[in-house]
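At position 183 of the sequence shown the residue is numbered 171 (the working numbering), and the sequence of numbers has no breaks.
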Amino acid sequence: MAQPRLTDFFARRRPGPRAAPPRAKPAWRTPSPAKPAPPTPARTPGGSRKRARPPAEPTRDHPAPPARRRLRLPADTVSSPSALAAPGSPEEATLSAGQLPCLAAQEDKASSKVTLSELKSCLQRARELGARAQELKASAQRKDAGEPCVLEDQGQPAGPCGQKAPAYQRFHALAQPGPPGLVLPYKYQVLAEMFRSMDTIVGMLYNRSETATFAKVKQGVQDMMRKRFEERNVGQIRTVYPASYRFRQERNVPTFKDGVKRSDYQLTIEPLLDQEAGSTAPQLTASHLLRRRQVFGQNLVERVREHHRAFLASLNPPMVVPEDQLTRWHPHFNVDEVPDIEPAELPQPPTTEKLATAQEVLARARSLMSPRMEKALSDLALRTAKSGSPGSPGPALPATPPATPPATPPAALKGVSQDLLERIRCKQAQKQLAQMTRQPEQERRLQRLERLPELARVLRGIFVSERKPALTMEVACARMAGSYHAALSPGEMEKHVQLLSELLPDWLSLHHVRADTYVKLDKAADLAGVLARLAHLARAEAAL
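So this is what it looks like as structure tokens:
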């Protein structure tokens, strides 16, 4: 008798779903354009989730699909019958045969349009570049000929010759702090700083008995100033201060550099000092450096004075200002446009003899040549002399400056009396002359006079708010410094109060009681009349 198994018991108690019989995996088949797709069989709950594939082998009724397939949408996604014809129908054949050439023609037309626009843009760009190249070439020719550059329509320079200096150099004199004075141009101040650095380096080398060469000085000055230092700057220094150095070309100077030979000529620099009696070797001390620096600065100011005198002589009417009374430049004199200093000639290394013409070669090596070569060189020398004689230009004559026509009055002044214009010009010239010869103390006094009307209004407001007949000088100056729109120290405010009491003693008075100074103000006085008197005094002081 067979013993029952445990699996048979569970199979009877809990029957599960019947397993689907094994089936062969269908193969995928490319759909034929002439045959519609077969219907997809419904998936049974116990079956596989994979889609059924058509049979792999083609039947006799349906031939094999073509090699090139055409993508088609499913039948259920077509929104309208006219959107897509049924497969295998004559409408589909007509659609595919009629629309494909049209689409191809449209694509070719669009590409031709793009290509034509690109060609037109490239041609226009080439024409612009050609015109720009012609303008640059013409400007370069004008620059070589010495003509001024012509500005373009946009107002920009046509070439590199139209470049301007930076604004901090062109308006350097206007940005100087303090009251106006005899300010040097920016390029002159840079040259003065170069002289100071050069004198420092040369003094260090000279005091330790070392030969100062231009290569050593150049490296030291560039390290100190962070600017380029060339022989041209040394020539400018020699022009301004000829008695500062002695320049020579020497060789056999130890340089301890691989690129410079001992046999090469080098520019040496030696300071010129006044040797005192009894001293063996003078030293370039700090006092000498300071004195030489002051002399160099005075020479620069004197050069600017010469250009200023020429400017005053060109005015209408001409002006003459004594040199000892000149304290500032003319308001219309542009200091930063003063011409640059012409560099002086420095010693050059001796040039060795070089043979430049055929006659010199013939005279030098006549004994080393054969008669045939000597004859050829003689013919070449004759031809060179004949070709160079008629075309040799004569010495260029200096161009005479054109005669300047008399100044004509502008159109806005047409009909105005000439006597009236002359009187106005003379009065303006007198005012500018007084402005150029004004001392610094007078300038500071005028600045205080201009501030007095506003300070008088502030001071009266302080007395009204305090409700006191008198205030100490410290309290009044501190309140005025806090209420004034400009930053002034209490000490500067005290000078303004003293000037105010000097000009208007009946309105403001100072009283010294023991160690303090008290300020007393007449609050009942008319403030408008006080301000008018101060303005009149300021105008009268400025007109002197």
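Note that beta-carbon positions come from the ideal geometry of N, C-alpha and C, so glycine has one too.
Practice problem: Write down the C-beta distance between L260 and A231 rounded to the nearest angstrom, noting that I regard them as a contact closer than 8 Å. | Solution: 6 Å
Quiz item: Helix, strand or coil: which one does DSSP assign to F284?
Solution: helix
Exercise. Can you grab the Cα-Cα spacing for the pair P319 / H524, in whole Å?
Key: 24 Å
Quiz item: Which residue comes first and which comes last in the beta strand (DSSP E) that contains T256?
Solution: Q254 to P259
Self-check item: Inter-residue spacing [alpha-carbon to alpha-carbon] between D187 and L179
Solution: 12 Å
Quiz item: Under the rule that 16 or more other beta-carbon atoms within 10 Å means buried, what is R216, buried or exposed?
Solution: exposed
Exercise. Identify which residue in K175, L117, L492 and G118 has its Cα closest to the Cα of V323.
Key: K175
Quiz item: Looking only at C-alpha atoms, which of R455, E490, T460 and L447 sits nearest to G470?
Solution: L447
Quiz item: Going straight from the alpha carbon of Q416 to that of Y233, what length do you get?
Solution: 46 Å
Quiz item: L107: buried (16+ other C-beta within 10 angstroms of its C-beta) or exposed?
Solution: exposed
Exercise. Just the C-alpha distance for V309 and A528, rounded to the nearest angstrom, thanks.
Key: 22 Å
Quiz prompt | D504 - containing beta strand (DSSP E), residue span | solution = D504 to L509
Self-check item: Inside the region 209 to 246 only - alpha helix (DSSP H) runs reaching at least 4 residues
Solution: 219 to 228
Self-check item: Simplified DSSP assignment, three categories, for H499
Solution: strand
Exercise. Would you mind giving the Cβ-Cβ distance between R250 and R236, rounded to the nearest angstrom? I have them listed as a contact below 8 Å.
Key: With a Cβ gap of about 16 Å, R250 and R236 do not count as contacting.
Quiz item: So, L487 versus L437, is the Cβ gap smaller than 9 Å?
Solution: yes
Self-check item: 8 Å Cβ shell around V248 - same chain, five flanking residues per side excluded
Solution: A203 and Q254
Quiz item: When the distance is taken between beta carbons, is T315 closer than 9 Å to L434?
Solution: no
Quiz item: DSSP puts T460 in a beta bridge; with which residues?
Solution: Y506
Quiz item: Anyone know if the C-beta pair for T201 and T243 falls short of 9 Å?
Solution: yes
Practice problem: Kindly give me the distance between the Cβ atoms of V485 and V507, rounded to whole angstroms, as I take these residues to be in contact under 8 Å. | Solution: 6 Å
Quiz item: Within 10 angstroms of its Cβ, does A526 collect 16 or more other Cβ (buried), or is it exposed?
Solution: buried
Quiz prompt | Cutoff 6 Å; reference T47; Cβ partners in own chain excluding five residues on either side | solution = Unreliable placement is indicated for T47, whose pLDDT of 48 sits below 50; the coordinate value is still reported in the next sentence. Excluding residues within five positions, none has a Cβ falling inside 6 Å.
Practice problem: Could you check what DSSP says for T103 in three-state terms: helix, strand or coil? | Solution: helix
Practice problem: Could you work out which residue in F284, G285 and V326 is closest to H295 when comparing CA atoms only? | Solution: V326
Practice problem: Locate the alpha helix (DSSP H) running through R316, then write down its first and last residues. | Solution: Run containing R316: none; DSSP gives neither H nor E here.
Quiz item: What does DSSP give as the partner residues of T201 in its beta bridges?
Solution: T256
Practice problem: Along the alpha helix (DSSP H) that carries H484, what are the first and last residues, could you check? | Solution: P478 to L491
Quiz item: Is the region 491 to 506 close to the region 400 to 416, with three or more CB pairs under 8 Å?
Solution: no
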